[in-house]
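Student: In this note's numbering, the protein residues as written are 4 to 424.
Just so you know, even glycine gets a beta-carbon here, dropped at the ideal spot from N, CA and C.
Here's a structure for you.
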Ligand code: S3P
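Following this line, the structure appears as C-alpha cells:
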C-alpha cells in the first residue's frame, strides 16, 4: 500500500471499543450466571478469536454489530471443546484462557498463529503450576490438563496484566485465597469487572486478593473507545500542521493513560473533557491540537501504562526537538513482534536518528526524514505507527500487509484518511 500523505487533519472521530475490556467482557460473561450484554465491543480479529474459543466450549454468543450478547453458563458451565482452541494473533486470549482452563474438569489444547507460537507462555504456565496447574509446554501449542487448584501468594516477575489476570482467573477456582503482588501497576479491567460481578476480589496498592468464587452475576457492559487506538490520533493531531482532532468516548482508566502523560510532558496540547464513568470504567472526550514537541525520558512505573503506545510515541519523538529516551521497556521484545527491533529497523529506513538499547531506544528528533518501503511484521500497532511516521517524511512511502490493522482497528485507514482537510 502507498501511504497517502495528508497536509493537515481536522475533525471528530470515535475509535472502536477497548480491546482489553472486550476480551474480558466475553470471558467473564461466559463464566457468569445469566446474560451479559456488551455494547461497544471491538470487532477486531483478536476479540473475535476470544468469541470463537468460548463458542467451542458451549457458550452461546450472539453478535449484532458492536453489540454482543453472551449467554453465560456459570463458573462451572464450560464444556470440553471438541477441537483445539485457536487464538490467532491474540496474546490476551491465549494467556487469559490458560488461567480459566487450568482449573476445569477437562483437558484443552490452545494454539495460535506463527507470532503467538513464538511468544513466551512460561510466564503464565509457571506461576499457574505453583497453584497445581498441569500445562505442557512453554510455547503454543499448550496442552492443559484441567485439575484442582490451590491458592498461593505470588510475587510477579514481569509487569504484565495478562499474567496477573491469568492468575486472578485461576484464583476464582482455587481453594483458599490467591494473593498476587504486582511489580508495577498494570491495567485493572479484570479487577473492576469482577468486583461488579460480585467476585471475592480486593485490591490494596500493588496487592490483589482473590477468593474461590461460586458464582458471578451477569452484567450489562459498555466498552469505552480504546485509548491505545486513540493514541494514533493523539500523535497525528499533534505532529500535523494546523490540525485539531476530537476523539469521542475514550477510556481513561488511570492504568492506561500513560500516553496522555508522556505526550503532555513532550509539549502536546491535549484537552480532556466530558469525563464520566460507564460500567465502572472512566471515559471522556479528548481534543488534540498541533503542537511543537520536545524530547523526554520515558521509563519506570509509567511503562505498563503506555506499553502498547510506545511505537507511536517513538513516531512522535522523531518530530520532537532533542532526544527522547525510552527505557525499562524490555517487554516490547515479546509483543506481536520485537517492537524495539522493529521500530528501530523501520525508522532507520526513513533516516531517523535512532539507537536500539537493551530495554528501549534513543531517538534524536527534529531532523528531516524521507519516505521508505516499510514492513509492519504483521503487527497492527507497527503498521499504524508507520503510517503516521510517513506523514511528515519527504517523498513516498509504502507499507506491506496494511491489513494487519484489523487485529485491533478494522477500518483504521478509513478513519485516518477521513480526517484529511
Ligand atoms: C493486555 C496486556 C498487555 C498489552 C496487551 C493487552 C491485556 O500485555 O500489551 O496488548 O489485555 O491484559 P502484557 O500483559 O503482556 O503486558
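#1: Compare the Cα-Cα distances from residue 355 to each of 397, 218, 84 and report the closest residue.
#2: May I ask whether a heavy atom of ligand 1 can be found less than 6 Å away from the beta carbon of residue 260?
#3: Between which two residues does the alpha helix (DSSP H) containing residue 104 stretch?
#4: Give a yes or no on whether the C-beta atoms belonging to residue 315 and residue 388 are separated by under 7 Å.
#5: At a cut-off of 6 Å, would you count residue 93 as near ligand 1, judging by its Cβ distance to the nearest heavy atom?
#6: Based on DSSP bridge pairs, tell me the residues matched to residue 359.
#7: Assuming residue 202 and residue 222 form a contact by the criterion Cβ under 8 Å, report the distance between their Cβ atoms to the nearest whole angstrom.
#8: Please tell me whether, using a cut-off of 6 Å, the distance from the CB of residue 305 to the nearest non-hydrogen atom of ligand 1 is below it.
#9: Please say whether residue 43 and residue 280 have beta carbons closer to each other than 7 Å?
#10: What do you reckon, are the CB atoms on residue 277 and residue 326 nearer than 7 Å?
#11: Give the DSSP bridge partners of residue 214, in chain order.
#12: Does the separation of the CB atoms of residue 206 and residue 187 fall below 7 Å?
#13: Classify residue 133 as buried or exposed, calling it buried when 16 or more other Cβ atoms lie within 10 Å of its own Cβ.
#14: Could you tell me which whole beta strand (DSSP E) segments of length 3 or greater appear in the region 312–352?
#15: Using a threshold of 6 Å, is the CB atom of residue 23 nearer than that to any non-hydrogen atom of ligand 1?
#16: Along the chain, where does the alpha helix (DSSP H) containing residue 236 start, and where does it finish?
#17: In three-state terms, what does DSSP make of residue 2?
#18: CB of residue 388 to nearest heavy atom of ligand 1: below 6 Å?
#19: Within 8 Å, do at least three Cβ pairs link the region 260–273 to the region 51–59?
#20: On a CA-only basis, which of 55, 99, 31 is nearest residue 197? Give me that one, please.
#21: Going by alpha carbons, who is nearest to residue 63 out of 69, 40, 123?
#22: Could you tell me which residues DSSP puts in a beta bridge with residue 153?
#23: On the premise that residue 312 lies in contact with residue 231, defined as a C-beta separation below 8 Å, what is that separation, rounded to the nearest angstrom?
#24: Could you check which residue in 70, 89, 34 has the C-alpha nearest to that of residue 59?
#25: Ligand 1 and residue 382: does the residue's C-beta get closer than 6 Å to at least one heavy atom of that ligand?
#26: Report whether the distance from the Cβ of residue 310 to the nearest heavy atom of ligand 2 is below 6 Å.
Tutor: With the given structure in hand:
#1: 397
#2: no
#3: 94–104
#4: If you check the CB distance, residue 315 and residue 388 come in under 7 Å.
#5: no
#6: 364
#7: That pair is no contact at about 12 Å.
#8: It does not: the Cβ of residue 305 is nowhere closer than 6 Å to a heavy atom of ligand 1.
#9: Annotated as distal: residue 280 and residue 43, with beta-carbon spacing of 7 Å or more.
#10: no
#11: BP columns for residue 214 point to 180.
#12: no
#13: By the neighbour-count rule (16 or more Cβ atoms within 10 Å), residue 133 is not buried but exposed.
#14: Listed in chain order, they are 325–329.
#15: yes
#16: 230–242
#17: Limits of the chain in this structure are 4 at one end and 424 at the other, which puts residue 2 out of reach.
#18: no
#19: Because the criterion of three Cβ pairs below 8 Å is not met, the region 51–59 and the region 260–273 do not touch.
#20: 31
#21: 40
#22: 178
#23: 6 Å
#24: Among 70, 89, 34, the Cα nearest to that of residue 59 belongs to 89.
#25: no
#26: As for ligand 2, it is missing from this structure, which binds only ligand 1.
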